[in-house]
Structures are given as C-alpha cells and as structure tokens.
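Throughout the sequence shown, residue numbering follows the working numbering, covering 87 to 280 in sequence.
The beta carbon of each residue, even a glycine, is placed where N, CA and C say it ideally should be.
All figures in this text were calculated on a predicted structure; none of them were measured in a lab.
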Amino acid sequence: MIRKSAGFTLIEIMLVMVLISLSAVAVVMTLPDNQQDTAKLQAQRFFYKLQLLNEDAILNGRDYGVRFDNSGDNYRFVTLTEKGWQPLENKTYKETTFEQGLSVDFQLGSDAWANNDTLFNQESLFDEEMFAELDEKTQSLPPQVFVLSSGEVTPFSVTISAESQPESLWTIEAKENGEIILVTPMEYAKRAGQ
Numbered sequence: 087m088i089r090k091s092a093g094f095t096l097i098e099i100m101l102v103m104v105l106i107s108l109s110a111v112a113v114v115m116t117l118p119d120n121q122q123d124t125a126k127l128q129a130q131r132f133f134y135k136l137q138l139l140n141e142d143a144i145l146n147g148r149d150y151g152v153r154f155d156n157s158g159d160n161y162r163f164v165t166l167t168e169k170g171w172q173p174l175e176n177k178t179y180k181e182t183t184f185e186q187g188l189s190v191d192f193q194l195g196s197d198a199w200a201n202n203d204t205l206f207n208q209e210s211l212f213d214e215e216m217f218a219e220l221d222e223k224t225q226s227l228p229p230q231v232f233v234l235s236s237g238e239v240t241p242f243s244v245t246i247s248a249e250s251q252p253e254s255l256w257t258i259e260a261k262e263n264g265e266i267i268l269v270t271p272m273e274y275a276k277r278a279g280q
C-alpha cells in the first residue's frame with residue numbers, strides 16, 4: 087500500500103515563512119517617514135495660526151507678535167497690553183514646541199532685523215525711572231515678528247524640515263504687506279532651480 091503525503095514538509099513551511107518576512111520588511115522600508123509628515127503638519131499648523139492671527143489683528147484692531155526662543159525649538163504668540171507684551175491665553179495660540187527630529191530655521195526678513203534682540207535693549211534713550219513701576223520679572227521679551235492691526239507683518243521666513251530628510255523643506259514666508267505664504271518642498275525645489 088502506497089501512502090501519499092497529505093501535508094507540507096518542514097522545509098516548505100520555513101521557506102514560505104522566510105518569503106513572507108522578507109516581503110513584510112520590504113513593505114515597511116517603503117513606508118513614508120513619519121518625520122516628513124511631522125514637518126508638514128508643523129509647518130501647516132504654524133501657517134494657519136499665523137494667518138488666523140493676522141486676520142484677527144485686522145478685524146479687532148489689536149497688535150500681536152510671535153516670539154521664537156533662541157534655540158528655535160519653540161514659539162509663542164503674544165499680544166500688546168498695558169503691561170507690555172503678554173502671552174495669548176487662547177488655547178489655539180498656546181506656546182508650541184517643535185517635535186524632536188525636526189530642523190527649524192528662523193530668519194528675519196531684512197538687515198535691520200538681523201540681530202534679533204539688540205533692537206529691544208532695555209537700556210534705551212528714556213529715563214530709567216520713567217518705567218520703574220514695570221516689574222521686569224513679569225514682563226516677557228518682545229516678539230521678533232510683529233503682526234499689526236494695519237495688516238503689516240514683519241518680513242520673516244521659517245523653514246521646517248525633517249532631520250532625516252533635509253531636502254524636504256517646508257517654508258512659511260511673510261511679507262511686509264501681510265501676505266503669508268506656505269512654500270511646499272516642490273515649490274521650493276522649483277525656486278531653487280530657477
């Protein structure tokens with residue numbers, strides 16, 4: 087009596103497992119990098135917040151600003167009050183920290199703004215005692231970017247990219263007339279090619 091095999095051998099099963107694992111590795115390696123998506127999301131988030139702030143400044147007649155910290159890892163929106171520049175309390179404009187793995191480059195638009203904080207040196211032409219009632223501890227640093235009720239915005243650019251893919255640059259540009267532009271990596275490559 088001849089017996090036919092009714093199943094697979096161990097070698098056949100192991101070969102199929104190796105092929106499945108190799109194809110799974112190939113699929114995972116071709117998935118998009120999460121940091122690239124994060125760079126896009128952070129750039130779009132900042133762009134939309136800045137546009138909304140610009141419209142709010144014009145409609146409500148208030149002056150706002152954006153303050154980037156020295157490392158460029160976070161930014162906050164501020165408003166001009168009787169007590170000076172104060173952080174906005176609205177949750178939409180809370181202080182935002184960029185995620186790890188992102189490269190952020192902040193540049194003010196013209197040479198007059200190149201040395202960020204020297205324009206706001208507390209030792210000014212005014213008499214020091216004139217502002218004695220201001221508590222220096224509660225007064226925050228002034229913004230580098232002004233968003234004025236007249237529609238004007240301090241010219242600047244912020245470039246956000248994933249550290250793993252520095253060629254994928256998302257740039258937010260603001261012009262003096264209040265125009266705010268989000269430049270995608272494709273548009274940035276076209277500009278660089280011209």
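Original post:
Between S157 and T167, what straight-line distance do the alpha-carbon atoms span, to the nearest angstrom?
Top reply: 26 Å
Original post:
Just to confirm, are W256 and A125 a CB contact at a threshold of 9 Å?
Top reply: yes
**OP:** Quick one: residues in its chain with C-beta nearer than 6 Å to the C-beta of R162, no 5 flanking neighbours on either side, listed in chain order?
**Re:** Cβ-Cβ distances below 6 Å link R162 to R153, P173, E181 in the same chain, with the five nearest sequence neighbours on each side left out; the list follows chain order.
Original post:
What is the DSSP secondary structure of L101, counted as helix, strand or coil?
Top reply: helix
Original post:
Looking at P271 and E253, is the spacing between their C-beta atoms short of 9 Å?
Top reply: yes
Subject >> Where R153 falls: helix, strand or coil (DSSP) >> reply: strand
Subject >> Reduced DSSP secondary structure (H/G/I, E/B, other) of G237 >> reply: coil
Original post:
Buried or exposed: where does K223 fall if 16 or more other Cβ atoms within 10 Å of its Cβ makes it buried?
Top reply: In this prediction, K223 scores a pLDDT of 49, lower than 50, which makes its location untrustworthy; no coordinate-derived value is stated.
Subject >> DSSP beta-bridge partners of E259 >> reply: S243, I267
**OP:** For F94, name the three-state secondary structure that DSSP assigns.
**Re:** coil
Original post:
Whole-angstrom Cβ separation of V233 and A143, contact assumed at under 8 Å?
Top reply: 5 Å
Subject >> Integer-rounded CB distance, given that G187 should sit under 8 Å from P241 >> reply: With a Cβ gap of about 28 Å, P241 and G187 do not count as contacting.
**OP:** For my contact list, T183 and D149 are in at a C-beta cut-off of 8 Å; report their separation, rounded to the angstrom.
**Re:** Contact flag wrong, Cβ pair sits at about 25 Å.
**OP:** Kindly identify the DSSP beta-bridge partner or partners of G170.
**Re:** T167
Subject >> DSSP-derived helix/strand/coil call for N160 >> reply: Three-state DSSP puts N160 in a strand.
Original post:
Going by the CB atoms, is the gap between G279 and P228 shorter than 9 Å?
Top reply: no
Subject >> Q251 and G151 closer than 9 Å at C-beta >> reply: No, the Cβ-Cβ distance between Q251 and G151 is not below 9 Å.
**OP:** Please classify L117: is it buried, with 16 or more other beta-carbons within 10 angstroms of its beta-carbon, or exposed?
**Re:** Classification of L117: exposed, given that the 10 Å Cβ count is below 16.
Subject >> Presumed contact (8 Å Cβ cut-off) between V239 and N140, rounded CB distance >> reply: 6 Å
**OP:** Assign F232 to one of three DSSP states: helix, strand, or coil.
**Re:** Here F232 sits in strand by DSSP.
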